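*Asks:* full-length UniProt numbering applies: residue 1 is where the sequence shown begins, and numbers increase by one.
I'd like to ask some things about the structure below.
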Amino acid sequence: MKTVQVLDKRFKLSISEEDIQKRVNEIAQQMNKDLEGKSPLFVCILNGAFMFASDIFKQITVENSSITFFRLSSYVGTKSTGKIKLIMGFTEDLANRTVVILEDIVDTGVTIQNTIEQVKAHKPKEIYIATLVYKPEACKVPVNLDYVGFEIPNKFIVGYGLDYDLMGRNLPAIYTLAEDE
Ligand SMILES: O=P(O)(O)OC[C@H]1O[C@H](OP(=O)(O)OP(=O)(O)O)[C@H](O)[C@@H]1O
Ligand code: HPA
């Protein structure tokens, strides 16, 4: 599918399912090397990162790997409200653990910054950050990303877990808002 309609907006294909899967595999293999012997705790940032986290975690072969979920929300439609709402916090003990944050997208960077602060408050041993998509032109905060799937321009996207007004998360590829929308 070269274009898709999600609610009132048209989106054009920008990253194919095949390219996403290839890149996700590369990141998982790199993580398997970097995290060996660290018994890592993966933290999936809900909702958007569920697909990325699932595809990554299936390929993790590091002994004693576990996963937990953290839920934040800040977007309404195609815009960040700039205010982060904590919907579901941690139940696991992160103290002295190697934590790997799994995000679908770092856009303004506000969500990842907030997540890092909250993880740090639990005194982990170290933090790795992985994002499938990064918008360098949009990012307003300094953030050290250890794994980046794709750097993309500052345009709104849907698919592979990312939504437009809750829709489009089920698309297996990533689509960009059409220029004329
Ligand atoms: O870098 P930022 O500008 O903060 O944007 C990134 C965040 O925005 C989206 O979450 P959203 O708040 O839309 O919640 P969702 O994951 O439930 O869709 C996305 O899943 C990231 O977590
Ligand atoms: O471009 C985006 N699309 C969907 N959700 C998002 N959350 C931050 N940026 C985006």
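Yeah, the Cβ is synthetic: ideal placement off N, Cα and C, and Gly gets one too.
All figures in this text were calculated on a predicted structure; none of them were measured in a lab.
1) Kindly examine ligand 1 and report whether one of its heavy atoms sits closer than 8 Å to the Cβ of C139.
2) So which of I56, N25, N47, D8 has the shortest CA-CA distance to L41?
3) Quick one: is K22 buried, meaning 16 or more other Cβ sit within 10 Å of its Cβ, or exposed?
4) Checking the sheet assignment: what are the DSSP bridge partners for F150?
5) Ordered along the chain, which non-local residues of its own chain (more than five positions away) have a Cβ less than 8 Å from that of R97?
6) Going by Cα to Cα distance, which pick from I127, L46, F11 is closest to V94?
7) If you run the structure through DSSP and keep just helix, strand and coil, what is F70?
8) May I ask you to report which of helix, strand or coil DSSP gives T176?
9) Is L72 near ligand 1, with its Cβ less than 8 Å from a heavy atom?
10) Spatial neighbours of S80 within its chain, please: CB distance less than 6 Å, with the 5 preceding and 5 following residues excluded, ordered by chain position.
11) Could you pull the start and end residues of the beta strand (DSSP E) that V100 belongs to?
12) Would you call the stretch 3-13 and the stretch 62-73 in contact, with 3 or more CB pairs under 8 Å?
13) On the premise that N114 lies in contact with Q59, defined as a C-beta separation below 8 Å, what is that separation, rounded to the nearest angstrom?
14) Helix, strand or coil: how does DSSP classify M51 here?
15) Suppose the cutoff is 7 Å on Cβ atoms and the five residues either side in sequence are ignored; what does the same chain contact list for I27 look like?
16) Indicate, with yes or no, if ligand 2 has a heavy atom lying under 8 Å from the CB of L162.
17) Straight-line CA distance for I101 to E117?
*Replies:* Let's see:
1) Here the question's residue 139 lines up with position 139 in the sequence shown. For ligand 1, at least one heavy atom lies less than 8 Å from the Cβ of C139.
2) On the sequence shown, position 41 is the one that residue 41 refers to. When each option's Cα is compared against that of L41, the closest is I56.
3) Counted from its first residue, the sequence shown places residue 22 at position 22. Exposed.
4) Translated into the one-based positions of the sequence shown, residue 150 becomes position 150. According to DSSP, which records beta bridges pairwise, F150 is partnered with V133.
5) To locate residue 97, count along the sequence shown from 1; it is residue 97. Closer than 8 Å at the Cβ level, and outside the excluded window around R97, lie S39, P40, L41, P124, K125.
6) Walking along the sequence shown from the start, residue 94 turns up at place 94. What sits at residue 94 in the sequence shown is Leu, not Val. Nearest C-alpha to L94: I127.
7) Counting from 1 along the sequence shown, the entry for residue 70 is found at position 70. DSSP places F70 in strand when its eight states are reduced to three.
8) To locate residue 176, count along the sequence shown from 1; it is residue 176. Here T176 sits in strand by DSSP.
9) Numbered from 1 along the sequence shown, position 72 holds the residue referred to as residue 72. Because some heavy atom of ligand 1 lies under 8 Å away, the Cβ of L72 counts as near it: yes.
10) Within the sequence shown, the letter at position 80 stands for residue 80. So the qualifying residues of the chain are S74, T108.
11) Stepping through the sequence shown from its first residue, residue 100 is reached at position 100. Residues 98-106.
12) no
13) In the sequence shown, residue 59 corresponds to position 59, counting from 1. In the sequence shown, residue 114 corresponds to position 114, counting from 1. Actually they do not touch by this definition, with Cβ atoms about 28 Å apart.
14) Mapped onto the sequence shown, residue 51 falls at position 51. The answer is helix: DSSP assigns M51 an H, G or I state.
15) Walking along the sequence shown from the start, residue 27 turns up at place 27. Here the set comprises I56, A130, Y147, G149.
16) Along the sequence shown, one-based indexing puts residue 162 at 162. Within the cutoff, so yes.
17) Position 101 of the sequence shown, counted from the start, is the residue given in the question as residue 101. Position 117 of the sequence shown, counted from the start, is the residue given in the question as residue 117. Distance between the alpha carbons of I101 and E117: 12 Å.
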